[in-house]
Structure formats: C-alpha cells, structure tokens
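Note that the sequence shown covers residues 351 to 735 in the numbering used here.
Report on one structure; see the data block that follows.
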Amino acid sequence: MIYVSVPVLPRVGALPRLCDVLRVLREERDQCLQELSGERTGDHGTVPPAPGCPRLWENMSCWPSSEPGQTVEVECPRFLWMFTGRNGSMFRNCTPGGWSEIFPRPDLACGVNVNDSFKETDEKRHEYLLKLKVMYTVGYSSSLVMLLVALSILCSFRRLHCTRNYIHMHLFVSFILRALSNFIKDAVLFSDDDDHCETHRVGCKLIMVFFQYCILANYAWLLAEGLYLHTLLAVSFFSERKCLQGCVALGWGSPAIFVASWALTRHFLEDAGRLAKSTLLLIPLFGAHYIIFAFSPDDAMEIQLFFELALGSFQGLVVAVLYCFLNGEVQLEVQKKWRQWHLRELSLRPMALSNSSSIGTSSLTHGTKASPSEPSRGTCRASVI
C-alpha cells in the first residue's frame, strides 16, 4: 500500500477531492494497460517480447518499453500534481536485469512523500480519528435521547404551549435532525472501505446536502433564539404570532436557500478557492471557536477537530437540560402530573383498606381539588428562559 503525505502545499486553495484523484489515477492506469496490450498483440497477432525492459505500470506512473542501456524519463503523475501543483521528472535505467530503482526519489522529484515511512504516523492518526468518532457518537446519542424526552415533555403539557417554548421545540428538532444526519452519513459513507466514487453518487450527494442543511438549520435556530430574546428585552409591544412565523422562516427557510445555492455551485463549478471562501462564511455564523482556530497553525488541526466535535455533539444535551429539565415551569407541570397520577392510583385501590387509609386518601383528594385554585408561580409568557 502507498501512503501519501503532503507536508507543504506550495499553492493556496482547497485540496482536490478524493474521487477526482482516484479518477485521474484510474485513467492513467487504463491508458498504460491499453498501450501495453497493444504492444503485446500488435496489428498481426501476438508479438514476441522484445529484449530489454517492457512497458511497466507500477501503481503510480507508466514507464514505456525501452532497450537495455537507455535512461527513461517520465513526468510526475498527474494525481500528485493535483496536490502540489509542481512539475517534475523521474528517471529509470533499463539494465539487462530489468528496470532500476527510480531516481531521484519521488519526494524530491514531485514534492510529495510516497513511501511506507509515514505508515506509523497514519496509523496513529487513524486511531485518533476512531477515538473522536466514539466521542461524538456518544455525544450525539446522549443528546438525541435527552432531546426526544424534552420535546415530548413540551408537547405533552398544554400549559407550556407558547411562542417561547415553540421556538425551543423547533430548536430541539434541529438538534435531533443534526444528530440523525450525522448517524446516516457515517452509516452510508464510512461503514466500509468503499470510496463511493463510482456507485451511489446521487445518493451520497443527497446525504451530504441533507447533512449540510441540518447543520445550517441548527445554527439558524440558535440565531432565532437570540433574536427572540433580544425582541423580548428591546421591544415593548410586538406580535407573538408574527415573531414565531419569522423565526420559522429564518430557521428552516434560509438554510434551504443557502444549501441549495451551495449544492448547485458544487455541481456545476469547481472553485479552487472554495475552502477559503467557506471558512470566511462559517467564522461569523457557526461560533466563537472558529475565530480562535482560524489563526491557529496547521499543527493544531487535531485540537480544533476535537473541540468542534465535542461541542457540536454535546450541545444538544446542554440545550435540553437548560431549556427543559431546569425550567421551573416544566418542573412544576411534571410535579403536578406526577401527583395527579399518584392520587389516581390511590383512589383505585380496593375499598377494603383500613379507615385510617381511607381518611388519608380523602384528605389527599381534597387537597388535589383545591390545588387548581392556587395561584401559579409563573406563566409561560412571563419567563424569559
């Protein structure tokens, strides 16, 4: 196996897509094998092998046939040029015993390290990425469970239905979709070693479009939460219904526009500077940690990846706890529901209980009937969180 490492890129721009690299490599291989087959058959049947060095495909470059004593020069492979943008040449001598070793080495000729010396580094990086996958899988799973519970609580109690909690519920749904899209992406794209470049291309693209939409919708609803809080604090009188409609349009509509534009651009155009442009778009939109790591060196990429995945996967858990489980209104409604259920269970017990138990049950039932007349400790509209 060949391990390719690019320590320094002399040109600025995005790295080539893996499918493009594999496509170029396949084209060069097929062309070389076709020429080799033509040399062996010829125009009048099978041609006996000529003395010297036959045409050779060595998984990276195609070396033409040569006579003994000659030095053959070939250009650096196209797929390596896609990484470095650097032109160069490699040489081989045709000896009576066959082809010699390549000189100069590919890392010197083409500016890319192509050998097994980076196998250990790649294995460590692979182990680190597997640990990150376990971490964000645990984070998204715990967030998904807590968000589903929180969403069911807010939907179940009618007294909790108001504009503020409606926005909270939309935010919960956006976090749920983000977690589900991440699980779907991992299950489809990274469940095996297939690169998915030749098969299921439409399905892979649709999955990535859905994944990007869920991420953007999640951050759009975070923005909607902030705008609603600002409206409560800065505006004295406003329409709750129109505010909710505006938040829905912002949270679900605007991401669709941006993702559709992104998908069409990626489909029809290949912009060499798309990496830098997307970074400038994500920095003000996605969070402060993007600003911090925007000026970090390349060596801090693993740290940046850790913080981004950790914050993104456990963020839904934190939101569910703050907006639902620590909410005083939610706790009060759950306690009332629990007391009502407990008293209903007591009232269904057999009447053969002792007189003391009957008296206790009657007193509890009397207290329950009087509880609705008690003043509520808070209303849905009065609370900000």
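For glycine and all other residues, C-beta sits at the position ideal for the given N, C-alpha and C.
Bridge-paired residues (DSSP) for residue i
| i | result |
| --- | --- |
| cysteine 412 | Trp407 |
| cysteine 444 | Trp449 |
| serine 439 | Glu425 |
Whole-angstrom distance between residue j and residue i, CA atom to CA atom
| i | j | result |
| --- | --- | --- |
| threonine 615 | phenylalanine 560 | 16 Å |
| threonine 513 | isoleucine 534 | 31 Å |
| isoleucine 633 | threonine 445 | Low confidence applies here, because isoleucine 633 scores a pLDDT of 38, under 50, leaving its location unreliable; read the following figure in that light. In a straight line, the C-alpha of isoleucine 633 is about 58 Å away from that of threonine 445. |
| glutamate 377 | valine 538 | 26 Å |
| alanine 459 | phenylalanine 608 | 42 Å |
| asparagine 532 | leucine 566 | 13 Å |
| arginine 455 | cysteine 369 | 26 Å |
| serine 338 | leucine 372 | Residue 338 is absent from the structure shown; the chain starts at 351 and stops at 735. |
| glycine 601 | cysteine 426 | 49 Å |
| glutamate 575 | valine 598 | 11 Å |
| phenylalanine 525 | tyrosine 569 | 9 Å |
| glycine 596 | leucine 375 | 50 Å |
| glutamate 473 | valine 669 | 36 Å |
| leucine 696 | lysine 687 | 14 Å |
| threonine 391 | aspartate 457 | 36 Å |
| cysteine 412 | arginine 428 | 11 Å |
| phenylalanine 618 | alanine 610 | 12 Å |
| arginine 689 | leucine 682 | 11 Å |
| glutamate 658 | valine 484 | 14 Å |
| serine 589 | leucine 573 | 19 Å |
| methionine 558 | arginine 475 | 24 Å |
| histidine 580 | valine 552 | 42 Å |
| glutamate 389 | phenylalanine 656 | 53 Å |
| valine 585 | valine 488 | 41 Å |
Own chain residues within Cβ distance below 7 Å of residue i, not counting five before or after
| i | result |
| --- | --- |
| valine 680 | Ile503, Leu510 and Cys674 |
| alanine 606 | Tyr563 |
| arginine 379 | Trp407 |
| leucine 480 | none |
Buried or exposed (CB count within 10 angstroms, at least 16 for buried), residue i
| i | result |
| --- | --- |
| serine 439 | exposed |
| serine 416 | buried |
| asparagine 437 | exposed |
| cysteine 593 | buried |
| tyrosine 478 | exposed |
| tryptophan 691 | exposed |
| glycine 662 | buried |
| histidine 520 | buried |
| valine 462 | buried |
| cysteine 505 | exposed |
| phenylalanine 587 | exposed |
Best match in the options for proximity to residue i [C-alpha to C-alpha]
| i | options | result |
| --- | --- | --- |
| alanine 529 | Val523, Gly553, Leu501 and Tyr490 | Tyr490 |
| valine 671 | Ala567, Gly435 and Val495 | Val495 |
| phenylalanine 507 | Val684, Ala599, Gly435 and Ser524 | Val684 |
| leucine 406 | Gln420, Gly448 and Phe618 | Gly448 |
| alanine 613 | Leu556, Glu473 and Ile653 | Leu556 |
| proline 401 | Pro418, Arg442, Phe588 and Glu389 | Pro418 |
| leucine 498 | Lys474, Leu527 and Tyr486 | Leu527 |
| threonine 421 | His580, Arg475 and Ile452 | Ile452 |
| glutamate 423 | Phe618, Phe441, His580 and Asn409 | Phe441 |
| isoleucine 653 | His580, Phe433 and Leu482 | Leu482 |
| asparagine 443 | Leu430, Cys403, Tyr486 and Asn409 | Cys403 |
| alanine 500 | Arg689, Arg694 and Asn677 | Asn677 |
| leucine 430 | Asn409, Pro414 and Ser450 | Asn409 |
| aspartate 536 | Tyr486, Thr581 and Leu693 | Tyr486 |
Cβ-based neighbour list, residue i, same chain, cut-off 8 Å, excluding 5 preceding and 5 following
| i | result |
| --- | --- |
| serine 492 | Phe664 and Leu667 |
| tyrosine 516 | Leu594 |
| tyrosine 578 | Thr513, Arg514, Ile517, Cys593 and Cys597 |
Own chain partners of residue i with C-beta closer than 6 Å, once the 5 adjacent residues on each side are dropped
| i | result |
| --- | --- |
| tryptophan 571 | His520, Leu521, Ser524 and Gly601 |
| histidine 518 | Tyr673 |
| alanine 660 | none |
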